[in-house]
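Numbering-wise (this note's numbering), the sequence shown opens with residue 15 and increments by one.
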Amino acid sequence: MAKVQSNSKITLPKRPTRRRVTLEQVAIAAGVGRTTVSDILNRNAADKYQPQTCKRVEDAVRELGYTASRAAQQLARGRSGMIGLILTRDLSNPVFASRVEVVEKEIKRLGYRMQLAFTEGDPAMEASCVQQMQADAVEGLVMGPVYETLDLQQHRQILQGQLPVVLFGGTLGSQFDEVGLHPDASIHLAVKHLLAKGHTRVGFLGAPKPRTAEGPSRLFEQYLKDAGLTNPGPIIWSPDTDCYDDYFEVSKAFVEHWQTLSNDERPTAMLCHNDQMAMTAIAACHKAGIRVPDDLSLVGYENAPGSQYLIPALTTIDNRGDEQMRQAIELLIQRIQNPAKDSEKRVIYPTLIERDSVCDMQ
Numbered sequence: 015m016a017k018v019q020s021n022s023k024i025t026l027p028k029r030p031t032r033r034r035v036t037l038e039q040v041a042i043a044a045g046v047g048r049t050t051v052s053d054i055l056n057r058n059a060a061d062k063y064q065p066q067t068c069k070r071v072e073d074a075v076r077e078l079g080y081t082a083s084r085a086a087q088q089l090a091r092g093r094s095g096m097i098g099l100i101l102t103r104d105l106s107n108p109v110f111a112s113r114v115e116v117v118e119k120e121i122k123r124l125g126y127r128m129q130l131a132f133t134e135g136d137p138a139m140e141a142s143c144v145q146q147m148q149a150d151a152v153e154g155l156v157m158g159p160v161y162e163t164l165d166l167q168q169h170r171q172i173l174q175g176q177l178p179v180v181l182f183g184g185t186l187g188s189q190f191d192e193v194g195l196h197p198d199a200s201i202h203l204a205v206k207h208l209l210a211k212g213h214t215r216v217g218f219l220g221a222p223k224p225r226t227a228e229g230p231s232r233l234f235e236q237y238l239k240d241a242g243l244t245n246p247g248p249i250i251w252s253p254d255t256d257c258y259d260d261y262f263e264v265s266k267a268f269v270e271h272w273q274t275l276s277n278d279e280r281p282t283a284m285l286c287h288n289d290q291m292a293m294t295a296i297a298a299c300h301k302a303g304i305r306v307p308d309d310l311s312l313v314g315y316e317n318a319p320g321s322q323y324l325i326p327a328l329t330t331i332d333n334r335g336d337e338q339m340r341q342a343i344e345l346l347i348q349r350i351q352n353p354a355k356d357s358e359k360r361v362i363y364p365t366l367i368e369r370d371s372v373c374d375m376q
């Protein structure tokens, strides 16, 4: 048997290399000039030519396997075809994944591509993302969610005079175009629904600690006061997070406290900061043997994907986030096409989605 020496080398056959097909080759195959091919493929100027000329170019492209250079198209058209989306959160909350999907589909329909970034509320990361998107020549930027006026200063410093920008989340009176939920309509809808069902001890689960008088917990307290409720339920604070584990710990602590109260002290209903919090509250109640809604009613917020399949199906406030994103893209395209137009504010009104997690006390 022949032996193979340890220092022997095996030479593999070289792979044939295929050069990229050029515009010149397409032009020769089609029997037209290079400028004609570039007009048809890169400049959206096919209407300048006879249909048979365009067909010859298309046939040559197909036969040669030509792939247009996106960079060349952008240079020829004087635009990048890119829209930036900066989320000040991450995708831990499923509603934001839905928002991303809506934006991607909408801008694709309009002939754009999406560049996506997450900043998790970090101003330094936000500034870096904006700079990177500028370097990549995005034509405009959608950013959010932005809910409170305290957040605006940070955004003004980063975005001032740099790009066409639309903010979403709240309508805060900035110099930017904005699409946002009516500032107190969601709280009003939820409280009104619970009061109509006969609940008088209503609390707020997972409220972010208020930084301003416009925070949701402040509005909640005011609505209960206006309704004449002298013994409302507790407000349970939560860290500013979208983490299910953190929400569950808050829900678990609340449930343990609820069990120590007498029947006359226990809240009969809790408005939850979002559907994530409501989901973890349902889980914590189930583990503790508390029946939802018989013992405790829950109202969520956001109408998150899957909230209708919980047991019980979650009554929630739909903040119509998908519609916010569609209108944000519409505003941005208008801003790109007309940079000098006055800023526009669009207010979205939420709706109540009544399901099975609230009982009638009457």
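Think of the CB as a built atom: it goes at the ideal place given N, C-alpha and C, for glycine as much as any other residue.
Find out if the Cβ-Cβ distance for the pair residue i, residue j is shorter than 8 Å.
i	j	result
T50	A43	no
V160	L181	yes
I331	H196	no
L285	V306	no
L238	P246	yes
P248	G220	no
I347	V117	no
P408	I201	Limits of the chain in this structure are 15 at one end and 376 at the other, which puts residue 408 out of reach.
Which partner residues of residue i appear in the DSSP bridge assignment?
i	result
F218	I249 and L285
F132	L101
K359	E192
Y315	I331
F182	V193
R127	M96
M157	I100 and L181
So, at 8 Å on beta carbons, what are the nonlocal neighbours of residue i in its own chain, with the 5 sequence-adjacent residues on each side left out?
i	result
E270	A302
E38	R48
E120	M339, R340 and I343
What separation, rounded to the nearest whole angstrom, lies between the Cα atoms of residue i and residue j?
i	j	result
E368	L328	8 Å
I304	C373	14 Å
G79	R93	25 Å
I54	C68	7 Å
A16	R33	No answer about A16 holds up, because its pLDDT of 47 lies below 50 and its placement is not dependable.
P281	G95	53 Å
L173	L99	13 Å
G187	K359	8 Å
T255	P137	16 Å
N277	H213	14 Å
G194	V46	52 Å
A131	C143	7 Å
H287	T36	57 Å
Y126	T81	18 Å
When you compare the CB of residue i with every CB in chain D, is at least one pair closer than 8 Å?
i	result
R334	Note that chain D does not occur in the displayed structure, where there is just one protein chain.
Give me, in chain order, the residues of the same chain whose beta-carbon lies closer than 7 Å to that of residue i; leave out the 5 immediate sequence neighbours on both sides.
i	result
C299	V269, V306 and L310
G135	T102
V18	Its pLDDT being 47, under 50, V18 is placed unreliably by the model, and the measurement read from it follows with that caveat. The answer is none, since no qualifying residue turns up.
Does the ligand HEM have a heavy atom nearer than 7 Å to the CB of residue i?
i	result
G125	This structure lacks the ligand HEM, and indeed carries no ligand of any kind.
Apart from the five residues just before and just after residue i, which ones in its own chain have a Cβ nearer than 6 Å to its Cβ?
i	result
L208	V216 and A283
Could you tell me which whole alpha helix (DSSP H) segments of length 4 or greater appear in the stretch 255–302? 258–274 and 289–302
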